[in-house]
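>
Protein chains in written order, with our numbering: chain L, 3 to 888; chain H, 3 to 888.
1) So, using beta-carbon positions, are residue 766 (chain L) and residue 800 (chain L) closer together than 8 Å?
2) At which residues does the alpha helix (DSSP H) containing residue 310 (chain L) begin and terminate?
3) Give the C-beta separation of residue 486 (chain H) and residue 508 (chain H) to the nearest angstrom, bearing in mind that I take them to be a contact with Cβ-Cβ under 8 Å.
4) Using DSSP bridges, identify the partner residues of residue 149 (chain H).
5) List the residues of chain H that residue 811 (chain L) touches, going by C-beta distances under 8 Å, in chain order.
6) In chain order, what residues of the same chain have a beta carbon less than 6 Å from the beta carbon of residue 599 (chain H), not counting five sequence neighbours either side?
7) Within this structure, are the beta carbons of residue 37 (chain H) and residue 313 (chain H) separated by less than 8 Å?
8) Could you pull out every unbroken alpha helix (DSSP H) segment of at least 4 residues lying fully inside the stretch 663-721 of chain H, listed in chain order?
9) Decide if the stretch 380-390 of chain H is in contact with the stretch 297-304 of chain H; the criterion is three or more beta carbon pairs, one per stretch, under 8 Å apart.
10) Do the stretch 98-114 of chain L and the stretch 137-144 of chain L meet, that is, are 3 or more Cβ pairs less than 8 Å apart?
11) Taking only beta carbons into account, state which residues of the stretch 733-749 of chain L come closer than 9 Å to chain H, listed in chain order.
12) How would you call residue 394 (chain L), buried or exposed, if buried means at least 16 neighbouring beta carbons within 10 angstroms?
13) So that I know if they touch, is there some Cβ in chain L lying closer than 8 Å to that of residue 672 (chain H)?
14) Residues of chain L with a CB under 7 Å from the CB of residue 775 (chain H): which are they?
15) Would you mind sorting residue 633 (chain L) into buried or exposed? The rule is 16 or more other CB atoms within 10 Å of its CB.
16) State yes or no: is the C-beta of residue 830 (chain H) within less than 8 Å of the C-beta of residue 850 (chain H)?
17) Using DSSP bridges, identify the partner residues of residue 470 (chain H).
18) What is the residue span of the beta strand (DSSP E) that residue 410 (chain H) lies within?
19) In whole angstroms, what separates the C-alpha of residue 624 (chain H) from that of residue 567 (chain H)?
20) Does the stretch 483-497 of chain H come within contact of the stretch 399-416 of chain H, defined as at least 3 CB pairs closer than 8 Å?
21) Given a cut-off of 8 Å on the beta-carbon distance, is the pair residue 539 (chain H) and residue 511 (chain H) in contact?
22) Is there contact between the stretch 794-810 of chain L and the stretch 690-697 of chain H, where contact requires at least three CB pairs shorter than 8 Å?
23) So which residues on chain L does residue 717 (chain H) lean against when the C-beta distance must stay under 7 Å?
24) Quick test of the definition: if touching needs 3 or more C-beta pairs under 8 Å, does the stretch 43-61 of chain H touch the stretch 173-189 of chain H?
25) For residue 716 (chain L), I'd like the list of residues in its chain whose CB is within less than 6 Å of its CB, leaving aside the five on either flank, ordered along the chain.
26) Could you pull the start and end residues of the alpha helix (DSSP H) that residue 372 (chain L) belongs to?
27) Taking Cβ-Cβ distances shorter than 7 Å, what residues in chain H pair up with residue 807 (chain L)?
28) Given a limit of 9 Å on CB to CB distance, which residues of the stretch 682-715 of chain L reach chain H?
29) Within the stretch 47-112 of chain L, note down every full beta strand (DSSP E) run reaching 3 residues or more, in order along the chain.
30) If residue 344 (chain H) and residue 857 (chain H) are in contact, beta carbons under 8 Å, what's the gap, nearest whole angstrom?
31) At 9 Å on the CB atoms, spell out the chain H contacts of residue 785 (chain L), in chain order.
32) Using the Cβ count rule (16 or more neighbours within 10 Å means buried), how would you classify residue 168 (chain H)?
33) For the beta strand (DSSP E) that residue 255 (chain H) lies in, which residues bound it at each end?
34) Starting from residue 9 (chain L), follow the beta strand (DSSP E) in both directions and report where the run begins and ends.
35) Using 8 Å as the limit for Cβ to Cβ distance, is residue 798 (chain H) near chain L?
36) Pick out whichever of L:802, L:874, L:875 has its Cα sitting closest to the Cα of residue 372 (chain L).
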């Protein structure tokens, strides 16, 4: 019989897959003899089984749970539901990867009409017993039975109003008894049956609820954002309750071994006395700093500090721990590697190396590449900041600078951000439902909550700037107004937040880009030492090129020439070319573009300071360059001096049923070779001139897009070489150049052996390759992809994370076939996947030579490439430096 | 040193690849000691070398040509260009595959100002000598130098007018001398240099011209139509001239060993006395029947008959021969397997089997599958024909019935046919430039030319009905009028032609479809005996299904359900479904469609008489079902009782940037599972009812289109199975059914191992697969494909002939992967390639189980499949009969 249930004594920290992160770490701490309340874990396999059985917990699993419960009862000398001294347990989720706040928790399970009396007797505290019972009924109704929780809150409020109370602590035991009665009758009204008195029923239903919560919408969104597979499932931890709300010698808290915002070494955390579990995290009361515990209970504080240090040394990483003090006794409820800001992650990694705890490779692997993004986010311009006026302060919950207009709800933030507005989300406090809105915002400001509140934890994870717990802030969501230090602001007012200081400005402040220096620079150097993939950038302007070089790009992997054509002073020439009727007319128009293109390429080469650049020839269909509305056509016809009807008919003639699959890419060069001629001349002359001026040795790289057949490439290449060779000879130069192609059409992938005979490099255009391989266009897929996610047909967006099974297999086929006929061929990627860590890992394993990504993704790519090579070492193909050329 | 030149004595009939068809057969006849004028062949490899050398004949090849010439001169005792008794040669093209009229010929080569005198002296016939010279200059100027030939014709006409002559024979030797002088000075004017007097220069230039003609536009079109690869090249045959125009004891003719129109055994042909080579073929004079030769010269006739019989026995096929009689002596200039009509091809093949000359397999392989098409073309309805009035008669040049309006030029025929008109092309005579127009026409009518004229030969090859040599016909192309037996007709008048009788009607006559009986039936039985592929049909209506069954279809491989939705009485329901806002509304609309769909399927099953049918679920994007113009939307909104704005916004919301890659296929079933539910119910209930009514055993086959991931198929299949199993259980039936998928997206091909785990059959949708694999849409490719043909990047239309290298390799990958995880899976094709012989050959070699094609392609597919299996035998996978089911 398969084992589905493990007592904490039976597990250990390596069993994350089976027991989930929380369960494995509880087991590990138990093994380290730390004060962990006893309990057991129902495995992730039981979760999978639950789904396979049609959302049922089968008899075998139930009987294993009950057997474990019986052992626990024996050990504790208490029984679940007992009317004298009842055992109470918590039921908590715990997946392999931490998903904070995404899934459900039920506390105080085991209470019923009888055992509540037992608890009252045993503790001598009827108020505590009935408060625990009403909390349990409330949680069970909400989480397990999915009833409307607001009704329960209203019942509570009504009693308080009736009695004239201002806060919960004023409620007496009798009040709470009354509330329990009202709760139970509301439960019956909703559920059609009494609140379950049988503790085993409570336990199984609660376990089911946790399993079910794995599939709730916000968990699905979180997983998609974090590449967590749906089929992992969650474990369930069933653990003896300890109470932080048993009076003033009880309490509960959260602490980190290092500062999760800055990385500074030293205990960092918060606690609340006389509070239960989720109170600290939920941000409803503002907690005390952990250091105050030293004064309050030095002995316990020392014990806690020792435990935290042991844990950090044991896990060799910064720990995030939850603890409870029950009547003066410390209990550890959780430890895990703590989430941290990017700055903190860098500092911690480097400090741990310096402290001799880990080596460089480990340090490189500790940083989530996606986090680096936040370091590249702009900071406030120091000059602009001088003139700015601080209006208030909150807690510096997640660093960075944010500037946007005020949004009052997550939905509003999403909608306005989609419409192109920059928004700052302002909330009383945030909840897990707000995730998408937080992600869409420049920054988050909350009135309530500490450094470990929901808003703070989630914002740090996302790398979004956050200021939390601002006492001066009053949020009036209904009227779309906030009051900040006495002044009122609305949806059209600007806020600027400094997430590193907590300072709030009620104005728009200019921001400046970040630089790769200090800890960041050190870690990037280590990454470069260990990676095998080269990293280039996709850039079309000297500004982007220079930015990418600052971020460590080794050159340009994709320079899209069409972006240069769209500029207002150039588009007339390209339009003239489009309406040309003869080759001569086209050449005449192209001749006007030549000096501009050449100038562009020179500026690009100079910005790259001698690094190589792959220039992709004109790619988009020509209709993208002409207007389509009659009034625009009338105007253009006037400007061009041709009749409206003629221009209109040319434009109508350019219309395509499926522009993605139309007359574009190298097909343009096949029909209009003069375009390729002009572009070749521009590239080659630019390189010759820059080489002469600077004494550099640039080897131009020309890339032919959308090739599907070797003969297409051969034809266009013959035009390129004819022009290039002539210019080089006329200049008496010995400059060499390369001609390669994009592999972005399935046919190119499966015939790559033939194509490689004519190409010096392949660059996988994974955007188009994904579209063609899946047979759906990115523009249109939005209509059905949401339903594909809902139905678990796709778990991730194939345009964000490369589809290894389909697109990946074409990449492998093309690589193998290409290298078979041309062993020297260089293979790279220039689609957007080149900047996605899990895709980079695939490209590394597939044996490619380089990735090219947008400038702001370059550090991420360097780091992800290093992590891949540390995990899957392969021969380093070339010394980091120039990838192509001599 | 490679051998590029072969004397006729050095070759034989098996050397077609090297010597071309004409050269190999001249060599073979020489070996058979037949009276062939001596000569030699410059090989196809020399042609390839010519193109590789940048259209130059290199020194090595030149010296081999001159060496062969020297031997020939020695043997003949004459020298090229000799002023006493000159050798004259013809220079003729000859490719591997016969391409009649496509390439160039030069006669009388070796004449110059001196040798013309030698010829005059030696023959004692100065008129003949100067006529030969002026013909040579004319041909050389036109064919070799590509000068405007009309100027030469005008010079000739001017002299005739000046002298008051009516025809060429009236020209005297002196007239011809004057013409030669005028021709030479026109040559010099055009060319800037004198007409070449050096015979070796003439010879090399003429050889180059033949090589060059391989690449002329009409040859390229012909090759594309006939799947002849460009890289084959042509050989050049250089042969001693014999003259059919040396007076009344000379002549020239063309003959077949059997009647190429009917297949009847017996000599069939035409000749002209005192005429040169091309005169018979060109159709300028109307020739005599070959039987008349018997009376004119019985001895020579007997010699000729014996030769023709020897040749037919030798080649075991009907021969098409050219001969010349020079002063009473017979010379054979060519033999080849004769082109024939489809009827003739069948009769000849079956007669040859009956005569014991060949076996059934050989007979099956002798028929060009594409030719069968003509047998399936309609014939005149016998009742309608009774009331029709014959207005004139011509020669029955190519059988079949044609009915259309009069087109006066090839371009006009192409344009009007494209616009949807049925046209009959009426010409004085046709020329190779007319090919496309002939192909676009229902039938061809010419005033001049015999049964072997250009029009007749080409029309028979194409299977287009043709009546030639109609003496009553006057064509006035300029005024777009014809006169037929005294009456005038214009572009809007109907003509009906009977290609089997030569009768012409000036009215529209109803036609009826053909049947597979007689010789056709016999050959199809033989084909079925030898094929391994099953043949199904693509049909959406009972009429098409019944037609396909008549043509031998084993069932339906693709029934497109959307065609049923487009019918006027149904489209309101589908539109109601589209504008529905909820699942309930959609189900309500679909409920209206259910009885209609079920009725359709029942009718289809009944038409198939128990044969299996694969039903493809709804495929096109929903916007295809709604109008897009405002006025149509206004009307529809009124009919549907919803506001215009609402309907308009729904329709705008359906717009897609790339509909080919949009929300269609199984993506519709993922977003709207209720569509799949309705369709499943319709299919399953129809099959159950028909099985009950007829006592049949139909096993319904449901095909899910556009699958790209196994999870998509799994999801839709779960819906199908849920509905189907429920209905079957409710009916207490034990009927089984199958669920399969189309493989038409590249991702499906490369992940076919996974998909095969959920599919009972794959049907390759090669139309979409070709589009996605090449990354171009059929609708848009028209803009650049012509340039791809011009530049030899593609030689054939990948939508007509499957691209083996790219699309084919995906088909192979998918087949291998699919069979690896599901060895029982059935593999087929339902794209249009299923009706293309060379594609069928690929599908056979790739190991597929079946092809499905349009009803009129079924016989073709049966034959092509048999030919493939005879050439590449493989295990026959199942007895011909039911492919699927129990």
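For glycine and all other residues, C-beta sits at the position ideal for the given N, C-alpha and C.
Note that the structure is a prediction, hence the values are computed from the model and not measured.
Based on what the coordinates show:
1) For residue 766 (chain L) and residue 800 (chain L), no; Cβs fall outside 8 Å.
2) 300-317
3) 6 Å
4) According to DSSP, residue 149 (chain H) bridges with nothing at all.
5) 752, 753
6) 684
7) no
8) Runs found: 668-673, 675-696.
9) no
10) yes
11) 746, 747, 748, 749
12) buried
13) yes
14) 748, 749
15) exposed
16) yes
17) H:397
18) Note, residue 410 (chain H): premise wrong, no beta strand (DSSP E); not H, not E.
19) Computed Cα separation, rounded: 11 Å.
20) yes
21) No, Cβ-Cβ distance for residue 539 (chain H) and residue 511 (chain H) is not below 8 Å.
22) no
23) 793, 795
24) no
25) The answer, listed in chain order, is 760.
26) 371-377
27) For residue 807 (chain L), the chain H residues whose Cβ falls inside 7 Å of its Cβ are 753, in order along the chain.
28) 708, 710, 711, 713, 714
29) 91-97, 107-111
30) Rounded, the Cβ-Cβ distance is 17 Å, inconsistent with contact.
31) 655, 656, 658, 664, 665, 669, 673
32) exposed
33) 253-260
34) Segment 7-9, the beta strand (DSSP E) holding residue 9 (chain L).
35) no
36) L:802
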